[in-house]
Structures are given as structure tokens and as C-alpha cells.
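Chains as they are written, first to last, in the working numbering: chain A, 1 to 328; chain B, 1 to 267.
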Amino acid sequence: MPNPAITVNLLSKHYKVPVREAGLKAATKSLFRRKYNSVKAVDNISFTIQPGEVVGFLGPNGAGKTTTLKMLSGLLFPTSGIPDVLGFQPSRRQADFLRQITLVMGNRSQMSWDLPALDSFELQRAIYGVPSPDFLRTRDEFIELLDVKELVKKPVRNLSLGERMKMEIIVALLHRPKVLFLDEPTIGLDVTMQRRIRQFVEEYNRRYGATVLLTSHYMADVEALCKRVIVIHNGKLLFDGDLSTLVDRFSAFKTIGVTLANGFGSFSQYGEVLNQEAGHVTLRIPREKTPEVTARILAEQQVDDLTVEDPPIEDVIEKVFAQKSAEV
Amino acid sequence: MKRYIDFYLTSMKIAILEQIQYRAQNYFYLVGVVVEPTIYLVVWSTIANQQGGSVGGYTAGGLAAYYIVWTLVRQMNVVFTPYGWENRIQHGRLSMELMRPMHPIHTDVSYFAGWKMVMIVFWFPLAAILTLIFKPTLNPTWLQIIVFFIAIWGAYLVRTMIFAVLGLITLWTTRVSAIFELSFALEMVLSGRFVPMTLMPAWVQHIAYYLPFQWTFYFPINALVGQPTPNQLFTGLGMQLFWILIGLGLVNLIWHFGIRRFSSVGN
Numbered sequence: 001m002p003n004p005a006i007t008v009n010l011l012s013k014h015y016k017v018p019v020r021e022a023g024l025k026a027a028t029k030s031l032f033r034r035k036y037n038s039v040k041a042v043d044n045i046s047f048t049i050q051p052g053e054v055v056g057f058l059g060p061n062g063a064g065k066t067t068t069l070k071m072l073s074g075l076l077f078p079t080s081g082i083p084d085v086l087g088f089q090p091s092r093r094q095a096d097f098l099r100q101i102t103l104v105m106g107n108r109s110q111m112s113w114d115l116p117a118l119d120s121f122e123l124q125r126a127i128y129g130v131p132s133p134d135f136l137r138t139r140d141e142f143i144e145l146l147d148v149k150e151l152v153k154k155p156v157r158n159l160s161l162g163e164r165m166k167m168e169i170i171v172a173l174l175h176r177p178k179v180l181f182l183d184e185p186t187i188g189l190d191v192t193m194q195r196r197i198r199q200f201v202e203e204y205n206r207r208y209g210a211t212v213l214l215t216s217h218y219m220a221d222v223e224a225l226c227k228r229v230i231v232i233h234n235g236k237l238l239f240d241g242d243l244s245t246l247v248d249r250f251s252a253f254k255t256i257g258v259t260l261a262n263g264f265g266s267f268s269q270y271g272e273v274l275n276q277e278a279g280h281v282t283l284r285i286p287r288e289k290t291p292e293v294t295a296r297i298l299a300e301q302q303v304d305d306l307t308v309e310d311p312p313i314e315d316v317i318e319k320v321f322a323q324k325s326a327e328v
Numbered sequence: 001m002k003r004y005i006d007f008y009l010t011s012m013k014i015a016i017l018e019q020i021q022y023r024a025q026n027y028f029y030l031v032g033v034v035v036e037p038t039i040y041l042v043v044w045s046t047i048a049n050q051q052g053g054s055v056g057g058y059t060a061g062g063l064a065a066y067y068i069v070w071t072l073v074r075q076m077n078v079v080f081t082p083y084g085w086e087n088r089i090q091h092g093r094l095s096m097e098l099m100r101p102m103h104p105i106h107t108d109v110s111y112f113a114g115w116k117m118v119m120i121v122f123w124f125p126l127a128a129i130l131t132l133i134f135k136p137t138l139n140p141t142w143l144q145i146i147v148f149f150i151a152i153w154g155a156y157l158v159r160t161m162i163f164a165v166l167g168l169i170t171l172w173t174t175r176v177s178a179i180f181e182l183s184f185a186l187e188m189v190l191s192g193r194f195v196p197m198t199l200m201p202a203w204v205q206h207i208a209y210y211l212p213f214q215w216t217f218y219f220p221i222n223a224l225v226g227q228p229t230p231n232q233l234f235t236g237l238g239m240q241l242f243w244i245l246i247g248l249g250l251v252n253l254i255w256h257f258g259i260r261r262f263s264s265v266g267n
């Protein structure tokens with residue numbers, strides 16, 4: 001088995017944050033005696049990621065996702081624990097390490113606002129010392145994959161948010177990094193653009209075997225790209241495993257959709273009726289009873305069609321946070 | 001080394017392309033820059049004329065030369081300021097720059113070097129107008145001209161280092177404006193920006209000699225318009241090199257400790 005691309009062992013980041021009450025009196029008092037709170041942004045988390053894996057890093061706002069990504073990319077010094085990324089200690093920020101990784105933040109730009117993206121691509125080539133033939137090949141490949149042949153000639157300021165994001169992705173990957181830290185890469189984009197970016201990341205991972213750690217509030221991103229997810233909340237790791245296992249563990253119910261041949265019927269005896277209209281019924285059934293209830297419906301009702309589905313992943317994640325918060 | 005040369009040339013090209021986009025703004029900026037030395041020039045020329053034609057060894061024509069060359073040196077001295085550092089840290093741009101496999105100071109030095117290429121082209125017509133109006137006296141030797149062209153780039157690097165050192169304090173304080181203003185006030189008095197150093201009291205000149213400021217304004221201007229000896233010219237270049245090296249050392253030292261405290265705020 002190859003060495004993991006990313007190894008995180010008991011990684012923590014604590015911030016000392018000054019606090020005071022509102023008002024002039026408190027402000028004056030704080031001049032002489034400052035009070036601080038220690039915030040555990042990331043608290044003793046551990047995980048490993050194998051080369052080529054695409055892992056979803058999930059958690060609510062303030063959970064510690066971005067702080068972790070920043071420590072893994074060398075932007076922040078950990079309070080304790082030394083992560084290992086591609087055999088490097090990120091906080092040392094060695095040039096050889098930085099040439100092999102990239103960090104894409106959905107709300108940050110690397111582009112020159114006033115120039116066509118092609119000029120920013122050229123600057124990126126020089127920054128990373130990419131040989132010209134390799135650069136041209138990669139650039140043209142990415143332009144084709146994202147279908148932006150005409151857009152790259154327009155000044156970046158004239159592009160839409162989604163178009164700009166495509167350029168950001170290209171510029172961030174021109175040096176063909178082995179590890180991608182993607183922090184909300186599809187934030188604010190419409191569904192079509194989100195899908196395009198997802199497909200591109202998927203294709204990049206397939207072609208170059210890159211390791212991807214992705215944070216996103218759009219579960220469609222996670223479902224499409226990540227077999228494995230890591231869930232973090234209040235700086236602590238709550239779950240690390242397959243997305244399907246997460247759903248199994250934290251979803252006690254399944255949803256059964258029934259399309260009726262005769263258009264009506266009584267279903268409350270099978271489970272909770274979520275919706276019933278125009279010959280279609282949606283039921284919520286305890287997970288363990290799903291096979292039995294499905295068989296009963298098929299035997300007792302005139303069914304045209306029947307579907308059994310897991311609940312939306314958003315609901316599952318919400319449940320994880322709610323359950324674990326209650327435990328804490 | 002080859003990679004850095006490629007990066008510097010590319011970054012300078014990008015800066016030129018960006019500045020060409022804003023040619024009108026740059027021209028107005030340059031006109032604004034010319035106002036400051038023109039005021040100094042009018043004041044000191046008047047004083048020189050009232051004192052029988054010269055002041056502090058400068059004739060009216062000499063002062064005109066001093067302040068016209070000043071306008072070029074001022075352009076060469078435009079560097080990435082502590083305000084820029086403050087801004088890049090507060091708005092999260094430093095985070096993106098830290099992801100690059102090179103120190104952000106390379107971006108600053110190369111970008112502003114490219115910016116100067118555009119500004120120098122814009123400067124020529126303004127310098128021609130000032131020359132027609134104020135009739136400067138300028139008779140440099142070839143050695144003075146050569147040293148001047150080296151010294152204006154030396155001045156650029158010395159000032160870059162001073163402001164980078166101040167700007168890096170932002171890694172601790174997040175705001176550095178007050179310190180910058182203090183440094184700016186010192187520079188006005190001790191650099192030759194306000195008046196030629198020879199018009200200052202002897203004790204001020206003595207202090208200024210051991211500080212970096214005069215090597216960014218007075219030395220390059222005087223190298224062209226004054227009558228320095230070859231020894232003074234080479235000493236001046238040596239002092240510039242000394243301050244560049246001191247600045248580099250300080251930048252590295254502050255960076256080493258400051259970057260550990262960087263909290264990547266604003267993003």
C-alpha cells in the first residue's frame with residue numbers, strides 16, 4: 001500500500017481571542033486588563049487520506065473545516081500535532097511542497113481583475129516554473145474541458161461569478177498539483193455551473209490521480225465526488241467513513257414512494273404519510289421495517305410503481321450535527 | 001535563478017499591461033506628483049534669488065535640476081507600502097500569495113518594477129515641460145550618469161526593504177498606519193525629499209548619513225545634479241547595498257517569526 005497522501009495525527013489549533021462587553025466603560029477597562037477566550041477551532045483530530053482519494057470534509061459554519069485546510073496547506077501553524085502532506089510538514093512551507101498542492105477558496109481570487117485570464121495563466125506559469133510546452137498543453141486541455149475558449153480572452157472583471165470560478169480553478173491547477181484543497185469551490189454558483197466544476201474536478205482526479213479534500217455546503221458536490229466523508233463539528237471529528245455508512249448510521253428512516261394504479265388508498269397503517277396527492281403517496285418507514293412494509297404494500301395495494309430511497313443527504317448531515325451536539 | 005528571472009520578467013510584463021489599462025489615471029497621478037516638488041522648487045528658487053542667486057550651494061538652475069530629477073527618483077521610489085501589507089492581510093490576499101512557492105516580496109518588487117516602466121514613459125513629457133519652464137542647470141559626467149542609473153534602482157530596493165519591514169509588523173498588529181506615518185515624517189526630513197540635505201543643519205545631515213532614508217532620495221539625485229567625487233559616488237552605492245542587505249536580513253527575521261503568528265484573518 002502506498003504511503004498516505006495526507007496524515008493528520010492529533011491536530012489542534014487554538015486561538016486566543018480578546019473579549020469584552022459592549023460600551024465605553026468596558027473598552028476603557030480593556031485598555032488596562034484584557035480578557036481572552038481560548039477557542040478550540042480544531043481539537044485533536046486524526047485521519048489519513050490515500051493518494052487519489054476524493055474526500056468530503058463536512059461540518060457547519062465554524063466547525064473547523066477551513067482552519068484544518070489552512071493547516072494542511074501550510075497557511076497556519078498548528079497549536080499541536082504535525083500533519084504530513086506528501087511527506088512534507090506543511091507549516092515549513094517548502095517550495096517543493098507548495099509546488100505540489102493547491103488551495104482553492106471559493107471566495108478568493110488569484111486573477112488579475114483588469115486583464116484577460118490568459119495573462120494570469122501566464123503569470124502562474126512563471127510563478128511555478130512550469131516548462132512552456134507542459135504549460136500550454138495543460139492550459140489548452142483545461143480550457144477545452146471547461147469550454148472557456150472565448151472567455152479566457154475577456155478581462156476577468158467582465159466575467160460572471162461562475163465564469164470567474166472556472167478561471168480560478170484553471171489557474172489553481174495549471175501546475176498540476178498532486179493534492180487539491182478545495183474550500184467551497186462552488187459557493188454562490190448556479191446548479192449548471194456547480195455541475196461543470198464538479199465534472200472538472202472529477203476528471204482532474206481521474207486523469208492525474210490527484211488527492212482531493214473538499215469542503216462544500218452543497219451536498220450535491222459531496223454526493224457526486226466523494227465516496228468517503230469526514231464530518232467535523234466544534235473542532236472535533238464526528239465521523240470518518242463511507243458516505244453510505246454515514247447514511248446507514250445516522251438515518252433511522254427510509255422514504256417509500258408509491259404510485260397507485262387506482263389513484264387512492266389508505267396508507268397510514270404502513271407508516272408516517274409524508275405526502276399523498278394525485279395517486280402518489282410518500283411514506284417514512286423505520287429503516288429495519290423497510291423490506292417488510294414494502295412487501296405488504298405490494299401485496300395489499302394496486303401499485304403501479306414503488307421506490308425506496310434514503311433521505312436527502314442534507315437531512316442526514318443535519319441529524320449527525322444535532323445528535324452529536326446533544327451528546328456533547 | 002533562471003526561474004526567478006522568468007518570473008520577474010513575466011510579472012513586470014503583467015504590471016505594464018495593467019497600468020496601460022489605466023493610462024489616464026496614471027497620468028493624473030503623475031501630474032499630482034509633480035505638484036509637490038514644484039512647490040519646493042518655487043519656494044527655494046525665490047529664497048536663492050533673494051540671497052544673491054544661491055542657497056546652500058545650489059543656484060536657481062541647480063535647484064531646478066534637483067527637483068526635476070526628484071520627480072523621476074520619486075517614481076522610482078514608489079514601492080509596495082505598509083498600507084498595502086495591511087490591506088493584503090486584512091482582506092485575505094496574503095493567504096493566496098503564501099500558497100505560491102516564492103516569498104511575496106518577489107511579487108511586490110517585480111510588479112512595481114514593471115509599473116515604473118510605464119511611469120517613466122509618462123514622465124518624459126512632464127519633465128520636458130518642467131525643463132522649459134524652470135531651465136535647470138545639469139552637467140553630469142558619464143560616471144555620474146552611470147551611477148545615477150544604478151542608484152535609482154538601489155533606492156527602489158532600499159525603500160522596498162524599509163516599507164516591507166514596517167509592513168510585516170502587520171502580522172502582529174493587523175494595523176500599521178501609525179508606524180507608517182511616523183516613518184513617512186522621518187523620511188520627509190531625513191531623505192532629501194523636502195529639501196536637499198545640504199540645506200539641513202549639520203547635525204541633521206550627520207544623523208541622516210547613518211539612516212537609510214537619504215540613500216533613497218538625496219543620494220541618487222545628488223549623484224546626477226551635484227558635484228560628488230567618484231569616492232562619494234561609490235560610497236553611496238555601497239551604503240545602498242548595505243541598507244538593502246540589512247533590510248533583507250530584517251525582512252527574513254520578521255517574516256520567520258511573524259508568519260507563525262499569521263492568523264489568516266478575513267477569510
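Glycine included, each C-beta is placed from N, C-alpha and C at the ideal position.
- Comparing alpha-carbon positions, the option among A/VAL39, A/ASP84, A/PRO83 lying closest to A/ALA63 turns out to be A/VAL39.
- A/ASP315 sits in a helix when the DSSP states are folded into three classes.
- A residue is called buried once 16 or more other Cβ atoms fall within 10 Å of its Cβ, and A/THR186 is buried on that count.
- In the three-state reduction of the DSSP assignment, A/ASP147 falls in the coil class, being assigned neither a helical nor a strand state.
- By the C-beta density criterion, A/LYS254 is buried, having at least 16 other C-beta atoms within 10 angstroms.
- Remark: fewer than three beta-carbon pairs, one from each stretch, lie closer than 8 Å, so the stretch 197-212 of chain B and the stretch 123-134 of chain B are not flagged as touching.
- At the C-beta level, B/MET99 and A/SER73 come within 8 Å of one another.
- In the three-state reduction of the DSSP assignment, A/GLU122 falls in the helix class.
- Of all residues in the stretch 121-133 of chain A, only GLU122, LEU123, ALA126, ILE127, TYR128, GLY129 place a beta-carbon less than 7 Å from a beta-carbon of chain B.
- Taken in chain order, the whole alpha helix (DSSP H) runs of length 4 or more contained in the stretch 80-117 of chain B are 82-90, 93-98.
- If you look at B/LYS13, you'll find it in the alpha helix (DSSP H) that goes 2-21.
- Collapsing the DSSP output to three states places A/MET167 in a helix.
- For A/PHE77 and B/ALA155, the gap between their C-alpha atoms comes out near 35 Å.
- Residue pairing by DSSP puts A/ARG284 in a beta bridge opposite A/THR255, A/GLU272.
- In the displayed model, B/THR46 falls within a helix according to three-state DSSP.
- In this structure, the CA atom of A/LEU213 is about 5 Å from the CA atom of A/PHE181.
- A/ILE313 is positioned such that its CB atom lies no closer than 8 Å to that of A/VAL258.
- As the crow flies, the alpha-carbon of B/THR170 is around 7 Å from that of B/TRP85.
- Close partners of A/ARG108 in chain B (Cβ separation under 9 Å): GLY92, ARG93, SER95, MET96, ASN267.
- Chain A has a Cβ within less than 8 Å of the Cβ of B/PRO101.
- The beta carbons of B/GLY167 and B/PRO101 sit no closer together than 8 Å.
- Counting only the Cα atoms, B/THR216 lies some 12 Å from B/LEU72.
- Per the coordinates, the alpha-carbon of B/ILE244 lies some 29 Å from the alpha-carbon of B/LEU138.
- A contact between stretches requires three or more CB pairs, one per stretch, nearer than 8 Å, and the stretch 142-157 of chain A meets this requirement with the stretch 112-119 of chain A.
- Restricting attention to A/ASN275, A/ILE127, A/ALA172, the CA atom closest to the CA of B/LEU9 is found in A/ILE127.
- If you keep only unbroken alpha helix (DSSP H) runs of at least 4 residues inside the stretch 212-263 of chain A, you get 219-225, 243-250.
- Residue pairing for A/PHE57: DSSP places it in a beta bridge opposite A/ILE230.
- Close partners of A/ASP119 in chain B (Cβ separation under 8 Å): ILE14, LEU17.
- Its Cα nearest to that of A/GLY52, the residue A/VAL201 stands out among A/LYS319, A/VAL201, A/SER251.
- A distance below 7 Å between beta-carbons, with the five flanking residues on each side excluded, links A/ILE49 to the following residues of its chain, in chain order: PRO4, ALA5, ILE6, VAL55, THR211, LEU213.
- Judged by DSSP in its simplified three-state form, A/ASP84 adopts strand.
- Collapsing the DSSP output to three states places A/PRO155 in a strand.
- Here A/ASP183 carries a strand assignment [DSSP, helix/strand/coil].
- In the DSSP assignment, A/THR7 falls within the beta strand (DSSP E) that extends over 6-19.
- Between the beta-carbon of A/ASN37 and that of A/VAL17 there is about 5 Å, and that keeps the pair under the 8 Å contact cut.
- Sequence-distant partners of B/ALA113 (beyond 5 residues in either direction) whose C-beta falls short of 6 Å from its own C-beta, in its chain, are MET12.
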